[in-house]
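Input: a single structure, listed below in structure tokens.
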Amino acid sequence: MSEVSKSKEFEKAAEDSRKLKTKPNNDDLLQLYALYKIGIQETPEEPGMFDFKVTLSIHFSSNEPRLIAEPFRQKGRAKKRAWQELVDEGVTPEEAQKRYVTLVEKLKETYGYDADKEPEVIGAGS
Numbered sequence: 001m002s003e004v005s006k007s008k009e010f011e012k013a014a015e016d017s018r019k020l021k022t023k024p025n026n027d028d029l030l031q032l033y034a035l036y037k038i039g040i041q042e043t044p045e046e047p048g049m050f051d052f053k054v055t056l057s058i059h060f061s062s063n064e065p066r067l068i069a070e071p072f073r074q075k076g077r078a079k080k081r082a083w084q085e086l087v088d089e090g091v092t093p094e095e096a097q098k099r100y101v102t103l104v105e106k107l108k109e110t111y112g113y114d115a116d117k118e119p120e121v122i123g124a125g126s
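Take the sequence shown: its letter number 23 is residue 23 in the UniProt record's numbering, and every next letter is one higher.
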């Protein structure tokens, strides 16, 4: 596959997506992720075997708090699935970039946009 350069609109949209006033919902985030990855011609990483997060949960049957290691891979699988759906649809890198720009403009209207905001670090707290 030949390399596709990033359009100026795509690069601006990528930065603008990090200046939204509130965090988009999971569906919007997955769509952003998948379109971005295709737009830059990058395959998502496979979730690792040892990707776990530990949560403190209270089980009502015993009423005692217990630490539970819960698989964190679901998020990685959801990202991969969203990306794969677009690949299967035949979305090209150029089309993905255009759709990404359109989606970011929609998200700016939905979630608010602050041009002066310091761009959020990708992957922070997610």
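For each residue, glycine too, the CB sits at the ideal point set by N, CA and C.
Quick one: what's got a C-beta closer than 7 Å to residue i's C-beta in the same chain, skipping five residues either side?
| i | result |
| --- | --- |
| V4 | Q41, P93 and E94 |
| D28 | L107 |
| E120 | R18 |
| D114 | K19 and K21 |
Quick one: Cα of residue i to Cα of residue j, how far?
| i | j | result |
| --- | --- | --- |
| R77 | T43 | 13 Å |
| D51 | A82 | Bear in mind that the predicted position of D51 carries a pLDDT of just 49, short of 50, making it too unreliable to give a figure here. |
| E118 | S2 | 34 Å |
| G112 | E89 | 30 Å |
| L86 | Q74 | 19 Å |
| K21 | Q84 | 29 Å |
| Y100 | K12 | 11 Å |
| P24 | D116 | 19 Å |
Give me, in chain order, the residues of the same chain whose beta-carbon lies closer than 6 Å to that of residue i; leave out the 5 immediate sequence neighbours on both sides.
| i | result |
| --- | --- |
| D16 | V104 |
| Q97 | S7, F10 and G39 |
| K37 | P44 and W83 |
For residue i, count the other beta carbons within 10 Å of its own beta carbon; 16 or more makes it buried, fewer makes it exposed. Which is it?
| i | result |
| --- | --- |
| V91 | buried |
| A14 | buried |
| D80 | Sequence check: residue 80 is Lys here, not Asp. Result: buried. |
Beta-carbon within less than 8 Å of residue i's beta-carbon, same chain only, minus the 5 sequence neighbours each way: which residues are those?
| i | result |
| --- | --- |
| E45 | G76 |
Can a CB atom of chain C be found closer than 7 Å to the CB of residue i?
| i | result |
| --- | --- |
| P119 | In the structure shown, chain C cannot be found, because there is only a single protein chain. |
**Request:** Evaluate the contact criterion for the segment 101-111 versus the segment 22-35: three or more CB pairs, one atom per stretch, below 8 Å.
**Result:** yes
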